[in-house]
Amino acid sequence: MINLLRPGRPAQLHPGFSGTLYLDFLAELARKRGTRNYLEIGVHFGHALTRIACDTAVGVDPDYVLEEDVTKGKRRTLLHRCTSDRFFAETDVRALVGGGIDLAFLDGLHLFEFLLRDFYNTEAVSDPNGLIVLHDCMPLNIEMTARDPAAPRTDPFKAMWTGDVWKIVPILKTFRPDLDVVLVDCPPTGLVCITGLDPTSRVLSDRYREIVRSFRDLADPAERIAAMYAETPVLRSADILNGEDHSLYFRI
Ligand SMILES: C[S@@+](CC[C@H](N)C(=O)[O-])C[C@H]1O[C@@H](n2cnc3c(N)ncnc32)[C@H](O)[C@@H]1O
Numbered sequence: 462m463i464n465l466l467r468p469g470r471p472a473q474l475h476p477g478f479s480g481t482l483y484l485d486f487l488a489e490l491a492r493k494r495g496t497r498n499y500l501e502i503g504v505h506f507g508h509a510l511t512r513i514a515c516d517t518a519v520g521v522d523p524d525y526v527l528e529e530d531v532t533k534g535k536r537r538t539l540l541h542r543c544t545s546d547r548f549f550a551e552t553d554v555r556a557l558v559g560g561g562i563d564l565a566f567l568d569g570l571h572l573f574e575f576l577l578r579d580f581y582n583t584e585a586v587s588d589p590n591g592l593i594v595l596h597d598c599m600p601l602n603i604e605m606t607a608r609d610p611a612a613p614r615t616d617p618f619k620a621m622w623t624g625d626v627w628k629i630v631p632i633l634k635t636f637r638p639d640l641d642v643v644l645v646d647c648p649p650t651g652l653v654c655i656t657g658l659d660p661t662s663r664v665l666s667d668r669y670r671e672i673v674r675s676f677r678d679l680a681d682p683a684e685r686i687a688a689m690y691a692e693t694p695v696l697r698s699a700d701i702l703n704g705e706d707h708s709l710y711f712r713i
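The opening residue of the sequence shown carries number 462 in our numbering; numbering runs sequentially from there.
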């Protein structure tokens with residue numbers, strides 16, 4: 462899968478995704494699943510949160526700057542201006558929303574150790590039949606995966622910074638083979654949908670330091686990303702949205 466675009470261009474890891482825009486996919490999935498309790502880590506302008514219809518929505522971001530009416534389509538919208546680590550440390554999420562989270566969108570800081578903590582903290586407060594969706598874990602080239610968001614990037618993907626959150630896919634496959642991890646072809650940089658949640662699992666939190674030590678400085682990140690694409694099929698968002706029965710794609 463690794464091929465050179467042109468001399469002087471960084472190796473391309475994937476030709477790009479042409480499915481449903483991630484914002485539309487997420488909104489339609491929330492509607493189809495009859496979402497009650499939605500959690501979003503990383504709200505920014507509110508573009509994703511605004512589109513979600515649910516009973517209670519919780520948004521967490523230390524620096525959100527709302528550009529849209531995020532209360533649209535919801536009975537309650539609760540915004541927390543703090544980091545996700547602080548939110549999970551200080552909040553009884555189940556008590557706050559009156560049950561487990563049944564859809565979560567994790568789109569906060571794009572460094573894998575942050576997403577790893579966001580994932581296991583979210584799973585612990587999720588409904589076992591819930592769905593956790595991760596953004597930006599399907600990079601198109603190696604430049605966009607730099608841990609430093611200010612590192613130089615070349616066209617045509619200059620504006621895209623995924624950081625190294627792609628590492629979550631091999632981490633979950635290695636340390637949590639009990640989870641169902643599905644890659645979906647939503648532009649610009651994919652969505653990863655995770656079901657089969659076990660809110661009682663402590664594997665990732667107990668082994669957190671070991672996992673971070675072994676994944677932080679990989680010698681061969683491009684090869685590891687190519688292996689992720691080779692080993693995990695990328696499903697078509699249109700098939701998932703048009704399907705009558707999501708059990709073909711996710712555990713429900
Ligand atoms: C890519 S934007 C989110 C976009 C939004 N989900 C959407 O699709 O419309 C990432 C956001 O994560 C927030 N962020 C950064 N560090 C964070 C942290 N530690 N906890 C929660 N959010 C964080 C940033 O402030 C930024 O607004």
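Virtual Cβ for every residue (Gly too), placed ideally from N, Cα, C.
- Message: Is it the case that the stretch 566-573 contacts the stretch 624-635, given that we only count it when at least three CB pairs across the two stretches are under 8 Å?
- Response: yes
- Item | Span separating the alpha-carbon of Ile463 from that of Met605 | At Ile463 the pLDDT is 49, less than 50, meaning the model places this residue with poor confidence; the figure from the coordinates comes in the next sentence. If you take the alpha carbons of Ile463 and Met605, they lie about 15 Å apart.
- So who's on the other strand from Gly520, going by DSSP bridges? Glu501 and Leu540
- Item | Beta-carbon gap between Tyr483 and Leu652 smaller than 8 Å | yes
- Query: What residue range is occupied by the uninterrupted alpha helix (DSSP H) comprising Leu576?
  - Reply: Phe573 to Ala585
- Whether Leu564 touches Asp579 by CB criterion (8 Å): Not closer than 8 Å, so no.
- Task: Mind reading off the beta-carbon distance from Thr656 to Arg712? Whole number of angstroms is fine, and I expect it under 8 Å.
- Result: Right, their Cβ atoms sit about 4 Å apart.
- Chain-order list of residues whose beta-carbon lies under 8 Å from that of Asp456 (same chain, five-residue window excluded): Summary: the structure shown does not reach residue 456, with the chain confined to residues 462 through 713, and so no result is reported for it.
- Query: Which first and last residues belong to the alpha helix (DSSP H) in which Asp667 is found?
  - Reply: For Asp667, the enclosing alpha helix (DSSP H) has its first and last residue at Val664 to Asp667.
- Use the C-beta contact count for Glu684: other C-beta atoms within 10 angstroms, 16 or more gives buried, fewer gives exposed. exposed
- Query: If you measure from the CB of Ala509, is any heavy atom of ligand 1 nearer than 7 Å?
  - Reply: yes
- Message: Considering Cα atoms alone, identify which of Arg537, Leu577 and Asp485 is closest to Cys647.
- Response: Here the closest residue by C-alpha is Asp485.
- Item | Check whether Leu557 and Leu577 have beta carbons under 8 Å apart | no
- Within the chosen definition, does the stretch 605-621 reach the stretch 688-705 through at least 3 CB pairs nearer than 8 Å? no
- Message: Any heavy atom of ligand 1 closer than 7 Å to the beta-carbon of Phe575?
- Response: yes
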